[in-house]
Every structure is written in structure tokens, then in C-alpha cells.
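Protein chains in written order, with our numbering: chain A, 2 to 385; chain B, 530 to 871.
Let me begin by presenting the structure, written as C-alpha cells, before commenting on it.
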């Protein structure tokens, strides 16, 4: 069973100066799999990674690579199997990007580190793989963070490892580079059968790219498994001990804390048209109610997160009279109604919604002419 | 491929220039002085056809050993500086700024005074040994400070302070040692290439060339270390051994220089920096021989000025190296600041 795992730890305990920080870590990864560590700041993700790559002596337990304990491997042997991208800022003098990438060939070159034709070829291929060929001759200290991180990835690839360990590789990158960087990693893991172990702060991206996720919490690895098993509803706020706001595990949607209190505004939302208004009301500090939303509506997660009260209907059901009544009562107590939903797009299940709209107009509480400006700009149909 | 070719040409050219400069300055250093010697005389002496024994003596017994010493010690000093800069990842680290030269000087002075009193002849090896002990003591202190201080500039400041303390104690010892021989000691404690014998040259050549060879063999490890410790370790470098070797070699090099020429300032910082710019590269495999040659040229040039500018009064070598070296240190710091701002 164990043989199928390229990398695994058993009872690994890590820490500094003999003081254990995280105990009894049991993780494993196969060839071509991506394993991501998540957890709050200071949880010890870097400590674990350092212990795995032999930069820090573990306080106990076993780290195995390719069926053998890494302790038994020589530094050179390990360096041809495992390479790293760390958070350490590298400031080499007078080195081009190509020079930096070429340092990855170190374990393969001879006594004086002279690159052979084959070494040069590998350097070239590595640079092509991460799309930095055109930067080869540029000074490494004069490129942007995003480019630098890609150079360091090319360097790690150039070392021709079976497994690559990355410590928060996307932390200082903008979204374009984040996506590009992770795409390259995904491509590498697929095409080269490369195992990847990394730590990420971006939970949404972690959930999308990882085959397995480890959650570091307190002094242990709290959960370990595929994202669908780890990201169960309500787990993330618990893991990060979030005291304010909310996180939706399915969509990766992060919202600020709702404004509590008696709803002053009622929003007839749906189909994704309401979320922007919810957020604006939250910013303005206005407590609001919204409905009637099906529980599978695009607006539902943000409504749940931000509204003081949500009137909801079960998915794929016509609106029941008692739900409609509840919405009307709520509307009565509000001073204003905002309709963001394009009523023309409402089908036969939405009879109740039409009635609610008419009721709002009757009450004379609708802001604007029955249609809020926001909803007019919104192309509702595009969401389907 | 084109870039590689032009790079190779550049490196070959730079090495050629350095070698030629060493040669030219060796010749000039032998020629120039209170008695001017012609090229012809040198050739004759080398061939053993020199008829004037005074000129032969001046060349063979005084000027040639001195010039060779300046070249060898200068090279050793530059190399020592290069190693320390690598070790501390700091461009203004050097045997002088870290107080290593001064530590070596202090112990050598103590040993000299001790032995002068008991009228026992001290060999070159004892001097080097004493200097090495002093260098290691200073180095140990600097390493301790490096653990406490996370700021590199503070480390340099503490190194300079150690240097001052050691120099003060040395001056004290030298002033109160009541012997006519102390005049030599006084000259030496200010830094000078004078009074070098062939025996000295042989020993310094052996020590420094051996160290040079060791450093050269480490060039691959040094290039890994340039990427920072964590990456170097991942590339298979045994950091502990490497660091120990670096400390040992740089201490031996600067100790050897101090034992023969006293403290010589700024060569260790200025030369590696100049050479880096000449080659436009920081690859250790180039930098190690180039620093050595550069140091030789720099010290030959400075010794020439020390002897000639106010002849017959001789300046201490440190005075001259400081005049050329200190501005370069300032330049490095300004450039660093600019880089950080950019």
C-alpha cells in the first residue's frame, strides 16, 4: 500500500530547538499529485516544509521519499530528487535570469560546475516551460516579483526533481501571475509526473488545484484528504478561527460581517443580480432583508452571508404561499424596496415573485421606477 | 551562443590585462627607487651576467623579494576579502573592516615583544601561527556578534571597533617595549612590505598558493552559497563544513599577510569589487583567480607609491591603500542604497 506513495511522512513531529510545534503529521503524495498545506498564519506550514526538505531536523518520526527515509540519503542524492522554491529573497550579484536558472544544474555538474551541452539544453527547456525564455539575459535583481518567482520555478525544474516543494509561491503575485504560476505547476505535475508539495494562502485556488489538502491547526494536521472532503461547510471559519465575516467553501466566496438589526431595506434579488447591492448595503451599514431566493440561486450565498434576514425557498420548487406571506410581512416593516431582478426573465416557478413585486409597487416603497438602476445594467441572462 | 562567445572573449581579455599589469608592475617596482635600474640591468641580472654586484644585490636581495611579496600578499588579501564577502553576503566585509587583521596584528606583536625580550630568533612560521591565532580570535568574536546582530552594518561597525581596540593594545605594547629592534616592529605594525627576505617569500608563497588552490577547488560550492543558504543546502552543499572551510581559509590568508606585512587596509574590499566590475560577473570560478591577480596589481601599485611619492621617506602601505580603497567602499555603499531604493 505504502509503495504507491512517492512521498510520505509517518508520525512526523516538527519544531524549533527541541520544542515540538506540530506533532504526529501523517501525509502522503503519489507521483504526479499536488498536495497543499493550508492553515492560519504562524500555524507552522513553513516549519513542516523545512523539515521535509531537510533544512530543519525533525523532532521525531519519519520522512520517506521513493520508499527510503530521507535521512539515509546523501545531500546530493536528495538534491537530484527534490527541489525547492522558498520565500527566501535571493539577491545574487550580476547574475542573469539564465545564470540563476542554471544554478539548478549544480547537483549534476562536475568539480568546477561547468555546464555541459546537455545541461544547457535542460536550462533552455526549463525556461521555455515557464515562459521566461525572452528574459534569459536580463539581470535577475531587476525583474518584477512575478517574473522572479517564475525564474525560481524554472531553476527548481532545471534540477530535474521528482518532487518539488514550494513555500507560499503565490504570495506576492497578482492574480494573473498567480493563475499562470499555478497553471505551470499543474501542467508539470501532469506531463512530467512531478509530485508537488506546497503551502498556499489562497483557499479558493488551493481547493481547485490540489489533489490533496492538509490543514494545519494548533499542534496537529487537523484534516488530510481531497479538497471535497476537507472543505466541508463551516470548516474554514473554524480552521482559521474567523471571528468576523464568512467564507463559502463551495464557491470560495469571502464576505465581510453582515449588518445586524431590523431590516430597513428589502431587496428582491435573484440570479446573481443582487450580490452587488447586498455588498453596497453592507458598506453603507444598512441592515436589509432579501427574498425570495431559491437556495440554489447565485445570490443565495452572499445573501446568507450579508442579509439580516433571508426568505428562502427549497431548490427546484414553486414558491409556496407561506413563504410568500413571510416575505410580504418583512416588506411591510421595511421603509424601502429595491428590485434588482429582471422580472421578464422569471419563469413559471416565479409566480410568487411577480406577486411580491406587485405588492411592493402597491406599497409605494420601490426605489426608482420599479427597477433599480443596478439591475438594468445587469445582463441577467448571461448567468445561464 | 553568441553571448557565450563574447563573454568568453571578455573574460580572456580581462585575464590577459590583469596578468600583463602584474608583470609590468613587477618590473616597474624593481626598476624604480632611489637607485634607478634599467630594464637592461634586470635582464642581465636574471641571466647572471650582471657585472655590478651592488645593482645585482639591490635587485635580488631588496627589490625583487619585496615586489614578489607585495604581489603574493596583495593577492592573498584580496582573496581573503572575497571569501569574507561571500560568507557574510556583505560587499564591505573584509579582513580589515571585520577586525581580523588587527586581531592578528595584536597577537603577532605580543609574540614578537615576548621573544625579543628573550633574544630568541622567531621564524616566519611562528609569526604566521601567531597571526592565525589572532585572526581566529577576532573571527570567533565576529561570528558571535553575527549571531546576536541581524543587521550587517552593525556587524561591520563592531568589527571596526574590535580593530581599534586591538590596534590600541598593539600600540601600547609597541610603545613600551624598550628595544632598538622595536623600530622594525613599529614599521610593521603600521603595515609595510619592507625587509622581506627570500625565505619569507618562499613561505608566504607556499601558504598562500596552497590556500588559493583550496579556494579554487571550492568555487562550485561558493557559487551555490551565493544563492543563499537554504537553496545551497537543497543543491547538496554541506553548509557546516563549507562555512568552517571558508572561515579557516580566509583567516589563514589574512593571517599570513599580517604576519609579513602588518595590517593592510581596504585591499580586501576594493579589489573584489573592481574585479567584479571588470568581468561584469560574480562567478566564483572567475572571481577567485581574478581577485588574486587584481590584489597583486593593486598592492604592487600602492607599494610603488608608498616608496616613491615622498622618497626617501616611506609611507606605510595602509596609508596608500586607504587613499584608493576608501572611496571605493563609499561608492559601493552609495550604489547599494540606490539599488535598494530602485
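Where is the CB? At the ideal position from N, CA and C, for every residue including glycine.
Chain-order list of residues whose beta-carbon lies under 7 Å from that of residue i (same chain, five-residue window excluded)
i, result
"residue 381 (chain A)", "For residue 381 (chain A), the pLDDT reaches just 40, beneath the cut-off of 50, and the residue's location in the model is therefore unreliable, although a value from the coordinates is still provided. Here the set comprises 272, 274, 343, 346."
"residue 367 (chain A)", "338, 340, 361"
"residue 589 (chain B)", "574"
"residue 668 (chain B)", "629, 776, 780"
"residue 823 (chain B)", "547, 607, 800, 803, 804"
"residue 718 (chain B)", "634, 638, 699, 703, 791"
"residue 552 (chain B)", "none"
"residue 815 (chain B)", "540, 808"
Contact set between residue i and chain A, taken where Cβ atoms lie within less than 8 Å
i, result
"residue 716 (chain B)", "Chain A residues near residue 716 (chain B): none, gap ~38 Å exceeds 8 Å."
"residue 863 (chain B)", "Under the 8 Å cutoff, chain A gives no residues; its nearest Cβ is about 16 Å from residue 863 (chain B)."
"residue 767 (chain B)", "76"
Limits of the unbroken beta strand (DSSP E) element including residue i
i, result
"residue 829 (chain B)", "Here residue 829 (chain B) belongs to no beta strand (DSSP E); instead the alpha helix (DSSP H) covers 813-837."
"residue 1 (chain A)", "No information on residue 1 (chain A) is available, as it lies outside the stretch 2 to 385 that chain A covers here."
"residue 16 (chain A)", "8-17"
"residue 256 (chain A)", "254-256"
"residue 750 (chain B)", "Not the beta strand (DSSP E): residue 750 (chain B) falls in the alpha helix (DSSP H), residues 748-754."
"residue 290 (chain A)", "289-295"
"residue 199 (chain A)", "196-200"
"residue 841 (chain B)", "Careful: residue 841 (chain B) lies outside any beta strand (DSSP E) and carries neither H nor E."
"residue 35 (chain A)", "35-39"
"residue 166 (chain A)", "164-168"
Enclosing alpha helix (DSSP H) for residue i [first to last residue]
i, result
"residue 806 (chain B)", "796-808"
"residue 235 (chain A)", "Looking at the DSSP string, residue 235 (chain A) is not in any alpha helix (DSSP H), and its letter there is neither H nor E."
"residue 143 (chain A)", "Where residue 143 (chain A) is concerned, there is no enclosing alpha helix (DSSP H), given that its DSSP letter is neither H nor E."
"residue 693 (chain B)", "681-705"
"residue 770 (chain B)", "768-790"
"residue 670 (chain B)", "653-677"
"residue 763 (chain B)", "758-763"
"residue 601 (chain B)", "593-617"
"residue 214 (chain A)", "Taken as a continuous stretch (DSSP letters only), residue 214 (chain A) belongs to no alpha helix (DSSP H), being part of the beta strand (DSSP E) at 213-218."
Beta carbon proximity, residue i to chain B, threshold 8 Å
i, result
"residue 3 (chain A)", "Caution applies to residue 3 (chain A), whose pLDDT of 45 falls short of 50 and renders its modelled position unreliable; the value that the coordinates give is listed next. It does not; no Cβ of chain B falls within 8 Å."
"residue 7 (chain A)", "no"
"residue 64 (chain A)", "no"
"residue 152 (chain A)", "no"
"residue 15 (chain A)", "no"
"residue 370 (chain A)", "Its pLDDT being 44, under 50, residue 370 (chain A) is placed unreliably in this model, and the value from its coordinates should be taken loosely. Residue 370 (chain A) does not count as touching chain B."
"residue 84 (chain A)", "yes"
"residue 71 (chain A)", "no"
Any C-beta of chain A under 8 Å from that of residue i
i, result
"residue 682 (chain B)", "no"
"residue 811 (chain B)", "yes"
"residue 537 (chain B)", "no"
"residue 748 (chain B)", "yes"
"residue 814 (chain B)", "yes"
Chain-ordered chain B contacts of residue i [CB-CB under 9 Å]
i, result
"residue 87 (chain A)", "757, 759, 760, 763"
Interface partners of residue i on chain B, CB under 7 Å
i, result
"residue 54 (chain A)", "763"
Chain A contact residues for residue i, given Cβ-Cβ distances below 9 Å
i, result
"residue 515 (chain B)", "Since the first residue shown for chain B is 530 and the last is 871, residue 515 (chain B) is missing from the structure and cannot be characterised."
"residue 805 (chain B)", "94, 95"
Chain-order list of residues whose beta-carbon lies under 6 Å from that of residue i (same chain, five-residue window excluded)
i, result
"residue 9 (chain A)", "29, 65"
"residue 201 (chain A)", "37, 207"
"residue 48 (chain A)", "15, 22"
Contacts of residue i in chain A (Cβ-Cβ under 7 Å)
i, result
"residue 802 (chain B)", "By Cβ distance, chain A contributes nothing, its closest Cβ being about 10 Å from residue 802 (chain B), past 7 Å."
Interface partners of residue i on chain B, CB under 8 Å
i, result
"residue 93 (chain A)", "755, 756, 811"
"residue 80 (chain A)", "763, 764, 765"
Residues near residue i in its chain [Cβ-Cβ closer than 8 Å; skip 5 each side]
i, result
"residue 384 (chain A)", "Unreliable positioning characterises residue 384 (chain A) in this predicted model, as indicated by a pLDDT of 38, which lies under 50. The coordinate reading is nonetheless provided below. Counting only Cβ-Cβ distances below 8 Å, and skipping sequence neighbours, we find 272, 273, 299."
"residue 265 (chain A)", "287, 288, 289, 335, 336, 337"
Heavy atom of the ligand GDP within 7 Å of residue i beta-carbon
i, result
"residue 98 (chain A)", "Although the ligand GDP was asked about, the structure shown includes no ligands whatsoever."
*Hey, is the segment 571-587 of chain B in contact with the segment 539-549 of chain B, meaning 3+ C-beta pairs nearer than 8 Å?*
no
*Take every Cβ of the segment 784-801 of chain B, pair it with every Cβ of the segment 605-621 of chain B, and state whether three or more of those distances are shorter than 8 Å.*
yes
*Are there three or more Cβ pairs, one per stretch, closer than 8 Å when the segment 158-173 of chain A is compared with the segment 186-195 of chain A?*
yes
_Taking contact to mean 3 or more Cβ pairs, one atom from each stretch, closer than 8 Å, check whether the segment 315-335 of chain A and the segment 284-301 of chain A are in contact._
yes
*If we count Cβ pairs, one from each stretch, closer than 8 Å, do we get three or more for the segment 561-572 of chain B versus the segment 749-767 of chain B?*
no
*Per the contact definition of three or more C-beta pairs closer than 8 Å, is the segment 622-637 of chain B in contact with the segment 659-667 of chain B?*
yes
*Three or more beta-carbon pairs under 8 Å between the segment 721-733 of chain B and the segment 589-600 of chain B, yes or no?*
yes
_Under 8 Å: do the segment 805-812 of chain B and the segment 92-99 of chain A share three or more Cβ pairs, one atom per stretch?_
yes
_Between the segment 120-135 of chain A and the segment 838-848 of chain B, can you find at least three pairs of beta-carbon atoms closer than 8 Å?_
no
*Assess, as a yes-or-no matter, whether the segment 250-258 of chain A is touched by the segment 70-84 of chain A under the definition of 3 or more beta carbon pairs within less than 8 Å.*
no
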